[in-house]
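See below for the structure under consideration.
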Amino acid sequence: ERERTKSVYRELQNVRNRGGRIVNTGTPWHRDDAISTLMPEAERWPISRTGLVSPEQEAALRGSMTRSLFAANYELRHVQSEGVLFQGEPATFAERSLLHDGYMQVDAAYGGSDGTAVTCVAWHGDVPYVHGELWPETHVDRRLERIRLLHDELRLGTVHMERNADKGYLAEKLRGMGLPVSTYQEHENKFVKISTHARGVWSRLERLESDEQASADYWDEVMDYTEGAEHDDAPDSLASAVRLHGSGVHANILMGGI
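Quick note: the sequence shown uses our numbering, first residue 215, plus one each step.
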């Protein structure tokens with residue numbers, strides 16, 4: 215049915231008069247459907263922009279169906295539905311001060327199709343309060359100022375990162391910007407790390423409510439993650455940040471100590 219619809223749409227484009235228009239309306243259901251692959255980029259009106267339902271009604275709708283179905287019907291976006299490691303969506307919080315005195319993990323990209331991801335986390339009891347941002351196919355140098363701004367706005371402590379890839383290049387850059395940095399050598403298998411550490415806290419994790427596109431991209435990549443996924447920068451950063459809890463020394467910016 216999907217391929218038949220695409221074939222019909224191509225034929226309509228062939229017989230369209232010069233200067234004529236075809237007006238498309240509908241809901242994108244699949245990454246390979248006509249809306250996603252053949253039609254011009256659409257003006258999207260997800261449920262949050264319409265003003266037609268209250269936050270309480272939206273929450274009730276979200277809870278009445280699977281994440282993939284809600285995303286397609288009400289957010290006009292695709293999410294992975296088969297084989298995903300993380301089931302359901304975490305609770306959210308709005309009070310940014312819950313992240314104060316936490317720490318940051320940076321998963322840096324240095325070119326190609328990799329993305330740069332950051333995870334900010336503060337623990338209250340056994341609950342990790344998390345804010346994440348992801349910039350797909352973006353070299354970390356292009357996001358240094360955003361990293362510094364996040365660190366300042368959320369009043370975070372230590373910035374953690376692995377030193378395998380760049381031999382300390384990024385650490386020195388961030389130290390030069392006045393950030394406290396700690397590096398570590400990564401030895402753990404990535405899938406094992408994600409499925410053990412990130413998945414292990416998923417049921418009690420809470421994420422910051424954010425309008426940033428980078429935050430939406432981060433959580434989409436986390437919740438779409440499957441073994442062998444093409445992109446895993448966000449879930450890798452999340453898992454590394456969770457693993458750090460209780461395993462290292464963090465500079466405490468608010469209290470002025472270590």
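Quick reminder that beta carbons are idealized off the backbone N, C-alpha and C, glycines included.
Residue i burial status per 10 Å Cβ neighbour count (16 or more: buried)
{"i": "W349", "result": "buried"}
{"i": "E376", "result": "buried"}
{"i": "D450", "result": "buried"}
{"i": "H365", "result": "buried"}
{"i": "R421", "result": "buried"}
{"i": "V373", "result": "buried"}
{"i": "A385", "result": "buried"}
{"i": "K407", "result": "buried"}
{"i": "G371", "result": "buried"}
{"i": "I472", "result": "Because the pLDDT of I472 is 34, which lies under 50, any placement of that residue in the model is unreliable, and the question is left without a value."}
{"i": "K309", "result": "The sequence as given places Glu at residue 309; Lys does not occur at that position. Exposed, since its Cβ has fewer than 16 Cβ neighbours within 10 Å."}
{"i": "T330", "result": "buried"}
{"i": "A448", "result": "buried"}
{"i": "A285", "result": "buried"}
Residue i to residue j span [Cα, whole Å]
{"i": "G346", "j": "V456", "result": "12 Å"}
{"i": "R413", "j": "V335", "result": "15 Å"}
{"i": "Y324", "j": "V415", "result": "29 Å"}
{"i": "V298", "j": "Y223", "result": "32 Å"}
{"i": "E426", "j": "H445", "result": "20 Å"}
{"i": "G339", "j": "L419", "result": "11 Å"}
{"i": "L237", "j": "M253", "result": "A small fix is needed here, since residue 237 is Val in this sequence, not Leu. Each residue's alpha carbon lies about 10 Å from the other."}
{"i": "Y343", "j": "S409", "result": "19 Å"}
{"i": "L388", "j": "D355", "result": "10 Å"}
{"i": "S203", "j": "L283", "result": "A question about residue 203 goes unanswered here, because the residues of the chain that appear run from 215 up to 472."}
{"i": "Y383", "j": "Y439", "result": "29 Å"}
{"i": "R357", "j": "F405", "result": "26 Å"}
{"i": "R216", "j": "N403", "result": "38 Å"}
{"i": "K220", "j": "S396", "result": "52 Å"}
{"i": "R369", "j": "H314", "result": "5 Å"}
{"i": "L468", "j": "G392", "result": "Its pLDDT being 45, under 50, L468 is placed unreliably by the model, and the measurement read from it follows with that caveat. Each residue's alpha carbon lies about 15 Å from the other."}
{"i": "Q399", "j": "K381", "result": "10 Å"}
{"i": "H401", "j": "T264", "result": "47 Å"}
{"i": "Y288", "j": "L275", "result": "9 Å"}
{"i": "E303", "j": "M437", "result": "8 Å"}
{"i": "E351", "j": "A322", "result": "11 Å"}
{"i": "V229", "j": "T239", "result": "19 Å"}
{"i": "A379", "j": "D328", "result": "13 Å"}
{"i": "A273", "j": "R235", "result": "38 Å"}
For residue i, the residue or residues it bridges with in DSSP
{"i": "P394", "result": "Its beta-bridge partners do not exist; DSSP assigns none."}
{"i": "A336", "result": "Y343"}
{"i": "F330", "result": "Before going further, note that residue 330 is Thr rather than Phe in the sequence given. The partner list for T330 (beta bridge, DSSP) reads W349."}
Residue span of the alpha helix (DSSP H) that contains residue i, given as start and end
{"i": "D380", "result": "It is not in any alpha helix (DSSP H) - D380 carries neither H nor E in the DSSP assignment."}
{"i": "V222", "result": "216-229"}
{"i": "R276", "result": "269-277"}
{"i": "R421", "result": "Where R421 is concerned, there is no enclosing alpha helix (DSSP H), although the beta strand (DSSP E) it sits in stretches over 420-422."}
{"i": "V406", "result": "404-407"}
{"i": "L358", "result": "358-367"}
{"i": "M253", "result": "No alpha helix (DSSP H) contains M253, which DSSP labels as neither H nor E."}
Limits of the beta strand (DSSP E) - the one that residue i falls within
{"i": "T306", "result": "305-307"}
{"i": "M318", "result": "317-321"}
{"i": "H374", "result": "373-376"}
Whole-Å CB distance - residue i paired with residue j, under 8 Å assumed
{"i": "L458", "j": "Y317", "result": "7 Å"}
{"i": "E423", "j": "T251", "result": "Between T251 and E423 the Cβ distance is about 32 Å, and since that is not below 8 Å, they are no contact."}
{"i": "H411", "j": "A453", "result": "4 Å"}
{"i": "I261", "j": "V320", "result": "Their Cβ separation, rounded to whole angstroms, is 33 Å, which puts I261 and V320 out of contact at 8 Å."}
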